[in-house]
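Asker: Those sequence lines, one after another, are chains G and X. If you're matching positions, the first sequence starts at 1 in our numbering and goes up one per residue. If you're matching positions, the second sequence starts at 1001 in our numbering and goes up one per residue.
Number of protein chains: 2
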Amino acid sequence: MAGKKQFDMDTVLDAAMIQFWRSGYADTSLDDLSRATGLNRSSIYSSLGDKDALFLRCLDRYATRYGDKFDAALSCAAEDPVAAVRAFFDVTLGRIADPAVPDGCLMAQSVMASPALSPSVAEHVKELFGLQRPRLRAALKAGGMSDENAEDFAVHVAAVNQSLAVMGRAGASPEQLRAIVGVTVDALARALRPVG
Amino acid sequence: MAGKKQFDMDTVLDAAMIQFWRSGYADTSLDDLSRATGLNRSSIYSSLGDKDALFLRCLDRYATRYGDKFDAALSCAAEDPVAAVRAFFDVTLGRIADPAVPDGCLMAQSVMASPALSPSVAEHVKELFGLQRPRLRAALKAGGMSDENAEDFAVHVAAVNQSLAVMGRAGASPEQLRAIVGVTVDALARALRPVG
DNA sequence: CACGTCTTGAACTGATCAGTCCAAGATGGG
DNA sequence: CCCATCTTGGACTGATCAGTTCAAGACGTG
């Protein structure tokens, strides 16, 4: 049973991340994590640290995985900023539609639950959550938007993107989610047109 | 110490509601509720039922209180739908700015945490949460919007309104929250203008 | 003033929580 | 083949959870 690690770290971290994602920090017990990962409690502690440390690793994993996808979606912003934002939203819509992964958004629900988290974890959550806005602002400026408009649209798009997870968990249909982003994309296209 | 009720029901329900609102269902213990309301555990049980029953009463109280404010804000939609939606958002912005009341939104965070709630409570949360969209749709149609546009804007405005609570809890400034709604209000004004 | 009724406070129950500890045993180097 | 090393499983700890029970005692009625 021992002598060599009996598990694949990536598989285990994915399982833990999905567990936190589905149930949130407060409603995920170490028994849940043990069941989800297939690891015993002492293995979790010796390999991954305590619950807070594991949660932080899952948050970082989530932020990196989807952050990379968001960056890729926005990479064409200089040529076609509207298509870039559309692709940005598609990352979230695709994630919501993916049956292999829970509804909702680990970042959004962690932010909402932040008063119940330990202060250092709550701080980290807000930092990761705050990465979205500058990412969008840079893309919109690269797409030729004025500083002021880019600032406003960046925070608006970040807010709408985040709202998709909440609306999805509330039972909104894919069509309704598309309508939500449609209004924003139309407004962006209008704002980017040379003359108002 | 007894013979007559020692407390005011409205005061107690407000205190319980704010406790759930601040910390969420999972992270509010009966000891927390007892401390917040000033009532003993057995008084809570005899007067208000168990934790789920009390939570449902707090949800209804929240939905009614702010639902009435949203209705009042939208009451001028037939004459000036843009001003009505602006007033609608102002209800939420005012609530976020109110220091007497927690950040966030009891409905939004309960929806996000719904997989951890008992099924019947989760159902009720989604029902209450879903009241926002028809309210907005009716107002926009009264303001002269086409059925299709009213449908799309209703779900968009509901999503953006909900996102304000998340963004506020994540640390967004009042100016950023105003920028988020500004994009939506501008898009609405544009959509309502007689000729595109 | 006496008694039935009802609220209240505190102790209690069994379950579950995060975290610790240690013996059992598998592994790989010598 | 043997032994040091490390993972693993399961038992354990003390704290906290939701919910129950019951005696103490304050009120209103007669």
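Every residue, glycine too, gets a C-beta built ideally from N, C-alpha and C.
1. Within a Cβ cutoff of 7 Å, which residues of the same chain sit near VAL91(G), ignoring the five residues on either side of it in sequence?
2. Please determine, among ALA1158(X), ALA1026(X), VAL1082(X), the residue with the shortest C-alpha to C-alpha distance to GLY958(X).
3. Which residue from TRP1021(X), LEU1188(X), TYR1045(X) puts its Cα closest to that of SER1034(X)?
4. Output the residue ranges of the alpha helix (DSSP H) runs that lie fully inside the segment 98 to 138 of chain G and measure 4 residues or longer, sorted by chain position.
5. Using a Cβ cut-off of 7 Å, pull out every chain X residue sitting near PHE70(G), in sequence order please.
6. Check for me: the alpha helix (DSSP H) holding GLU1148(X) runs from which residue to which?
7. Is the shortest distance between the beta-carbon of HIS1124(X) and the beta-carbons of chain G less than 7 Å?
8. Which chain X residues sit within Cβ distance under 7 Å of GLN176(G)?
9. Exposed or buried, which one is MET1107(X) when buried takes at least 16 other CB atoms within 10 Å?
10. Closest Cβ-Cβ distance between MET1112(X) and chain G: below 7 Å?
11. Quick one: list the residues of chain X neighbouring PRO115(G), beta-carbon separation under 7 Å, in chain order.
12. Below 7 Å on C-beta distance, what does SER163(G) contact in chain X?
13. Which first and last residues belong to the alpha helix (DSSP H) in which CYS76(G) is found?
14. Helix, strand or coil, according to DSSP, for SER34(G) in the structure here?
15. By the three-class DSSP mapping on this structure, what secondary structure does ASP1008(X) have?
16. Within 10 angstroms of the Cβ of MET1167(X), are there 16 or more other Cβ atoms? Answer buried if so, exposed if not.
Answerer: Concretely, from the data shown:
1. TYR66, LYS69, PHE70, ALA73
2. Residue 958(X) falls outside the range modelled here, since chain X spans only 1001 to 1196, and no answer is possible.
3. TYR1045(X)
4. 106 to 112, 119 to 129
5. None at all; the shortest Cβ gap to chain X is about 16 Å.
6. 1147 to 1169
7. no
8. VAL1155
9. buried
10. With 7 Å as the cut-off, MET1112(X) counts as an interface residue toward chain G.
11. ARG1022, SER1023
12. Ordered by position in chain X, the residues that pass the 7 Å Cβ test against SER163(G) are ALA1159, VAL1160, GLN1162, SER1163.
13. Where CYS76(G) is concerned, there is no enclosing alpha helix (DSSP H), given that its DSSP letter is neither H nor E.
14. In this structure, SER34(G) counts as helix in the three-state DSSP scheme.
15. DSSP places ASP1008(X) in coil when its eight states are reduced to three.
16. buried
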